[in-house]
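Visitor: Can you keep this structure in mind? I'll have questions shortly.
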Amino acid sequence: MDLRIREHADVLVDWSARVEPGDDVVVSVAEGAHELAVAVAEKLGERGANVVTTYASDEVSRAYLRAHDGDFETADHELALYENADSVLFLGGGRNTFATADVPGETRQAASRANEAVREARLDTDWVSTVHPTRSLAQQAGMSVEQYREFVYDAVLRDWEALAEEMAKMKEVLDEGSEVRLRKGDGTDLSMSIEGRTAVNSAASVAYDSHNLPSGEVFTAPYDPEGEVFFDVPMTLSGTRVRNVHLTFEGGEVVDYAAETGEDALGDILDTDEGARRLGELGIGMNRGIDRFTDNILFDEKMGDTVHLAVGRAYDSCLPEDEDGNSSAVHADMITDVSEDSRLEVDGDVVQRDGTFRWEDGFEE
């Protein structure tokens, strides 16, 4: 076994999930993630955790969803599993990243709505998502397998404490701010409120309210967006490649949308429920160790020189205890490149221009 796989497992269990002896842990293993699962299981065994392993396959999901009549019910047995779990570790890495592309949109929507209670129970645990570098993910990223492995481990095996200190500067700006405005030369001009919200320093650990490995973003839960935004980074949504998305917000919700490709898939997401047309997240990528787009949101949304917005569910970690944020059965991230001809402002002050933060060398007033 590549020693980096064991290092990956160490970071996941120790730094990210902070698993303690006696914790009840669910490990969800995707197709192709077997080696990482073995290393994680060994680490959890040494820790004295209690482990249940589940099999996550897009091809299995496709077969089930296409055969179903669409009248889905909450899976109470699955709900019970997550309600009794302390941690859930998602080990991604399938055989075909587009395996569910031919599942009808209305079927996806119905399944997602029925699964909302299960999803909420999972999110109430110390959950962490990561990926094992598989051939299908390398192909999706346009890299050789060896090149993709180097990319993944460069992103995962890094000094997370140092990055957390850097990102704390952005968290402080957002925590003290009331309004964010994003402007770009492509016509993007979007304002949104962040008053009363708490930003998350997403440093790849549940200790920071962060649940992705790798991570490297600062995110919050905006509301009342007004204006237009253009997402120029290609992405895969619901098994469909989507390019050049344009959203128009009025009265806090999407009133118009377009996409060069994948517009139907985008529409299916926005029509899932009432909350699917409202914003759930504003994220600012700060991980400069991720240096290229790979069509994998786990990496792409963390990349330096990017900003992403998600329609749908807001994360509770960004909200006051007595306040409910945007509720939805979906959370769909879309990314815009801010490396050129862009400004990110908080309360009228430019925080980032053309990808450079105001505390970095090269920032121009």
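Per the numbering used here, the sequence shown starts with residue 21, numbered consecutively.
A virtual CB, placed ideally from N, CA and C, is assigned to each residue, including glycine.
What is the C-beta distance between residue 151 and residue 113, in whole angstroms, given that I count them as a contact (C-beta under 8 angstroms)?
Guide: Under the criterion of beta carbons closer than 8 angstroms, residue 151 and residue 113 qualify as touching, at roughly 5 angstroms.
Visitor: Among the candidates 77, 362, 84 and 367, whose CA atom is the shortest distance from the CA of residue 249?
Guide: 362
Visitor: At what residues does the alpha helix (DSSP H) containing residue 23 begin and finish?
Guide: 23 to 30
Visitor: Between which two residues does the alpha helix (DSSP H) carrying residue 195 extend?
Guide: 180 to 196
Visitor: What residues in its chain sit with their C-beta under 6 angstroms from that of residue 117, if we drop five residues either side in the sequence?
Guide: 156 and 160
Visitor: Check residue 66 in the structure and name its three-state DSSP category.
Guide: helix
Visitor: Using the Cβ count rule (16 or more neighbours within 10 Å means buried), how would you classify residue 124?
Guide: exposed
Visitor: If contacts are defined as beta-carbon pairs under 8 angstroms, then residue 268 and residue 274 qualify, I think. What distance do you get, rounded to the angstrom?
Guide: 7 angstroms
Visitor: Taking one C-beta from the stretch 221 to 232 and one from the stretch 183 to 191 each time, how about it: are there three or more such pairs within less than 8 angstroms?
Guide: Judged by Cβ distances under 8 angstroms, the stretch 221 to 232 makes contact with the stretch 183 to 191, as three or more pairs qualify.
Visitor: Among the candidates 326, 144 and 84, whose CA atom is the shortest distance from the CA of residue 104?
Guide: 144
Visitor: Taking residue 265 as part of the alpha helix (DSSP H), name the residues at either end of that continuous run.
Guide: Segment 260 to 270 is the beta strand (DSSP E) holding residue 265; no alpha helix (DSSP H) there.
Visitor: List the endpoints of the continuous beta strand (DSSP E) containing residue 250.
Guide: 243 to 251
Visitor: Is it true that the CB of residue 165 sits closer than 8 angstroms to the CB of residue 158?
Guide: Yes, they are a contact pair.
Visitor: Out of 284, 199 and 96, which one is the CA nearest neighbour of residue 371?
Guide: Nearest to residue 371 by C-alpha distance, out of 284, 199 and 96, is 199.
Visitor: Can you tell me where the alpha helix (DSSP H) holding residue 287 begins and where it ends?
Guide: 283 to 290
Visitor: Quick check: the Cα distance between residue 90 and residue 260, rounded to an integer number of angstroms?
Guide: C-alpha of residue 90 to C-alpha of residue 260: approximately 20 angstroms in a straight line.
Visitor: Count the other CB atoms within 10 Å of the CB of residue 382; is the residue buried (16 or more) or exposed (fewer)?
Guide: exposed
Visitor: In the DSSP assignment, find the beta strand (DSSP E) that holds residue 125 and state where it starts and stops.
Guide: No beta strand (DSSP E) contains residue 125, which is instead part of the alpha helix (DSSP H) from 125 to 134.
Visitor: Distance, Cα to Cα, residue 340 vs residue 241?
Guide: 11 angstroms
Visitor: I'd like to confirm the pairing. Which residues does DSSP put opposite residue 303 in its beta bridges?
Guide: 239 and 328
Visitor: With which residues is residue 75 paired in a DSSP beta bridge?
Guide: 49
Visitor: Does the stretch 332 to 351 come close enough to the stretch 287 to 296 to have 3 or more Cβ pairs within less than 8 angstroms?
Guide: yes
Visitor: According to DSSP, is residue 311 part of a helix, a strand, or is it coil?
Guide: coil
Visitor: Exposed or buried, which one is residue 153 when buried takes at least 16 other CB atoms within 10 Å?
Guide: buried
Visitor: Apart from the five residues just before and just after residue 215, which ones in its own chain have a Cβ nearer than 7 angstroms to its Cβ?
Guide: Sequence-distant partners of residue 215 (beyond 5 residues in either direction) whose C-beta falls short of 7 angstroms from its own C-beta, in its chain, are 198.
Visitor: What did DSSP end up calling residue 352 once you bin it into helix, strand or coil?
Guide: Assignment of residue 352 by DSSP, reduced to helix, strand and coil, places it in the strand class.
Visitor: Report yes if the C-beta distance between residue 82 and residue 41 is below 8 angstroms; otherwise report no.
Guide: no
Visitor: Give the DSSP bridge partners of residue 151, in chain order.
Guide: 112
Visitor: Locate the alpha helix (DSSP H) running through residue 226, then write down its first and last residues.
Guide: Looking at the DSSP string, residue 226 is not in any alpha helix (DSSP H), and its letter there is neither H nor E.
Visitor: Helix, strand or coil: how does DSSP classify residue 164 here?
Guide: coil
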